[in-house]
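Below you'll find the structure, written out as structure tokens, and then a few comments.
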Amino acid sequence: MKIFPAIDLFDGKAVRLLRGRYEDMTIYSEDPPAIGRDFAAAGARYIHIVDLEGAKDGTTPNFDTVCRIKKESGCFCEIGGGIRSETVIEKYLDAGIDRVILGTAAVTDRDFLEAAVGRWGERIAVGVDLKDGYVAIKGWTEKTELEARVFCEQMQALGVQTIIVTDISKDGAMKGTNHELYEELSERFGMQLVASGGVSTIEDVKRLAARGLYGAIIGKAYYTGAIDLSEAIEVAGKQR
Numbered sequence: 602m603k604i605f606p607a608i609d610l611f612d613g614k615a616v617r618l619l620r621g622r623y624e625d626m627t628i629y630s631e632d633p634p635a636i637g638r639d640f641a642a643a644g645a646r647y648i649h650i651v652d653l654e655g656a657k658d659g660t661t662p663n664f665d666t667v668c669r670i671k672k673e674s675g676c677f678c679e680i681g682g683g684i685r686s687e688t689v690i691e692k693y694l695d696a697g698i699d700r701v702i703l704g705t706a707a708v709t710d711r712d713f714l715e716a717a718v719g720r721w722g723e724r725i726a727v728g729v730d731l732k733d734g735y736v737a738i739k740g741w742t743e744k745t746e747l748e749a750r751v752f753c754e755q756m757q758a759l760g761v762q763t764i765i766v767t768d769i770s771k772d773g774a775m776k777g778t779n780h781e782l783y784e785e786l787s788e789r790f791g792m793q794l795v796a797s798g799g800v801s802t803i804e805d806v807k808r809l810a811a812r813g814l815y816g817a818i819i820g821k822a823y824y825t826g827a828i829d830l831s832e833a834i835e836v837a838g839k840q841r
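Heads up: the sequence shown begins at 602 in the working numbering, then just goes up one per residue.
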């Protein structure tokens with residue numbers, strides 16, 4: 602299983618939110634590229650990046666910082682947050698970012714999603730952010746009427762290869778991840794499934810790896826020291 606340590610960006614800083622609430626933001630670093638270098642030094646080969654400002658308004662205010670993280674870490678980097686046009690996808694991919702994550706646009710503009718998957722294939726992932734079992738959009742600020750299972754069925758039918766599933770209620774809460782959700786989804790769908798939200802102990806990592814998931818995102822647990830990244834990578838298995 603691949604470990605994706607996370608860097609969430611806001612105003613050029615590395616931050617974390619609690620359950621997706623922008624008013625509950627903690628700043629962890631003024632130098633996000635340095636965090637990327639630390640990830641690589643710990644053995645990470647993959648980094649998950651979210652532009653929290655972009656997620657709200659569909660812009661790319663942290664583009665330069667994202668590119669620096671990629672360049673200075675040397676890791677496979679995926680980016681999400683506000684990516685709602687082919688122009689923005691091209692901007693990131695042309696700059697060397699390895700994979701782009703579509704969230705709000707995957708829900709609100711299905712033609713765009715289908716065109717993006719058709720054009721870029723595996724370099725397009727879909728973020729499935731869940732609030733009370735339903736897909737949330739626009740930086741988790743709006744809950745739709747789309748149930749998780751129905752949405753994942755639609756994504757698989759469209760040829761999406763990777764989905765990143767976040768249980769918002771678990772995100773940043775440090776109370777464990779939603780193992781039941783990932784068990785159900787991994788049994789039902791053939792897409793590469795990345796668990797996100799609440800991965801807060803080595804035991805969480807062990808259980809997700811044993812389930813055979815493609816990947817797991819580690820956020821707050823790294824920054825608070827609850828999870829040692831090197832140990833998590835060792836437990837998860839070979840990263841390449």
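Glycine residues also receive a C-beta, built at the ideal position from the N, C-alpha and C atoms.
Exercise. From residue 722 to residue 816, what does the alpha carbon distance come to, in whole angstroms?
Worked result: If you number the sequence shown from 1, residue 722 lands on position 121. If you number the sequence shown from 1, residue 816 lands on position 215. Residue 722 and residue 816: Cα-Cα distance of roughly 18 angstroms.
Exercise. Leaving out five residues before and five after residue 717 in sequence, what residues of the same chain have Cβ atoms less than 7 angstroms from its Cβ?
Worked result: Locating residue 717 in the sequence shown gives position 116, where the first residue counts as 1. So the qualifying residues of the chain are 687, 690, 703, 725.
Exercise. Which whole runs of the alpha helix (DSSP H) in the stretch 768-807 are 4 residues long or more, in chain order?
Worked result: 780-789
For this session: Please check the pair residue 763 and residue 795, which I expect to be a contact at CB under 8 angstroms, by giving their CB distance rounded to whole angstroms.
Result: Here the question's residue 763 lines up with position 162 in the sequence shown. Here the question's residue 795 lines up with position 194 in the sequence shown. So it is a contact: roughly 7 angstroms between Cβ atoms.
Problem set entry | Whole-angstrom distance between residue 732 and residue 676, CA atom to CA atom | Within the sequence shown, residue 676 is the residue found at index 75, counting from 1. Within the sequence shown, residue 732 is the residue found at index 131, counting from 1. Roughly 30 angstroms separates the two Cα atoms.
Exercise. Pick from 625, 779, 641: whose alpha carbon is nearest that of residue 672?
Worked result: Taking the first residue of the sequence shown as 1, we reach residue 672 at position 71. Measuring from the Cα of residue 672, the nearest candidate turns out to be 641.
For this session: Starting from residue 606, follow the alpha helix (DSSP H) in both directions and report where the run begins and ends.
Result: For the purposes of this step, residue 606 is identified with residue 5 of the sequence shown, where counting begins at 1. Note, residue 606: premise wrong, no alpha helix (DSSP H); beta strand (DSSP E) at 603-611.
Exercise. Excluding sequence positions up to five away, which residues of its chain have a Cβ less than 8 angstroms from the Cβ of residue 782?
Worked result: Within the sequence shown, the letter at position 181 stands for residue 782. Correct list, in chain order: 731, 749, 766, 768.
For this session: Assuming residue 625 and residue 616 form a contact by the criterion Cβ under 8 angstroms, report the distance between their Cβ atoms to the nearest whole angstrom.
Result: Your numbering for residue 625 matches position 24 in the sequence shown. Your numbering for residue 616 matches position 15 in the sequence shown. Residue 625 to residue 616, Cβ: 10 angstroms. No contact.
Exercise. Which class does residue 761 belong to by DSSP, given the choice of helix, strand or coil?
Worked result: For the purposes of this step, residue 761 is identified with residue 160 of the sequence shown, where counting begins at 1. In this structure, residue 761 counts as coil in the three-state DSSP scheme.
Problem set entry | residue 831 - DSSP class collapsed to helix/strand/coil | Numbered from its first residue, the sequence shown carries residue 831 at position 230. It is helical.
Exercise. By DSSP, does residue 630 sit in helix, in strand, or in coil?
Worked result: Stepping through the sequence shown from its first residue, residue 630 is reached at position 29. In this structure, residue 630 counts as strand in the three-state DSSP scheme.
Problem set entry | Residue range of the unbroken beta strand (DSSP E) whose run includes residue 700 | Translated into positions along the sequence shown, residue 700 becomes position 99. Here the beta strand (DSSP E) through residue 700 covers 700-703.
Exercise. When DSSP labels each residue in this structure, what does residue 710 get in the three-state scheme?
Worked result: The count along the sequence shown starts at 1 and reaches residue 710 at position 109. If DSSP states are grouped into helix, strand and coil, residue 710 belongs with coil.
Exercise. Which value, in whole angstroms, describes the spacing of the CA atoms of residue 658 and residue 839?
Worked result: In the sequence shown, the residue the question calls residue 658 occupies position 57. In the sequence shown, the residue the question calls residue 839 occupies position 238. Straight-line Cα distance between these residues: approximately 37 angstroms.
Problem set entry | Residue burial classification, residue 751 (beta-carbon count within 10 angstroms, cutoff 16) | For the purposes of this step, residue 751 is taken as the residue at position 150 of the sequence shown. Residue 751 is exposed by the Cβ-count criterion.
For this session: Take residue 648 as the anchor and find which of 669, 631, 656 has the nearest alpha-carbon.
Result: The residue you call residue 648 lines up with position 47 of the sequence shown. Answer by Cα proximity: 669.
Problem set entry | Buried versus exposed call for residue 820 [16 or more other C-beta atoms within 10 Å across all chains shown] | Position 219 of the sequence shown, counted from the start, is the residue given in the question as residue 820. Looking at its Cβ environment, which holds 16 or more other Cβ atoms inside 10 Å, residue 820 is buried.
Problem set entry | Cutoff 6 angstroms; reference residue 634; Cβ partners in own chain excluding five residues on either side | Along the sequence shown, read from residue 1 onward, the residue named residue 634 stands at position 33. These residues qualify, in order along the chain: 669, 670, 673.
For this session: Provide the residue(s) that pair with residue 615 in DSSP beta bridges, ordered along the chain.
Result: Here the question's residue 615 lines up with position 14 in the sequence shown. Answer is 610, 630, bridged to residue 615.
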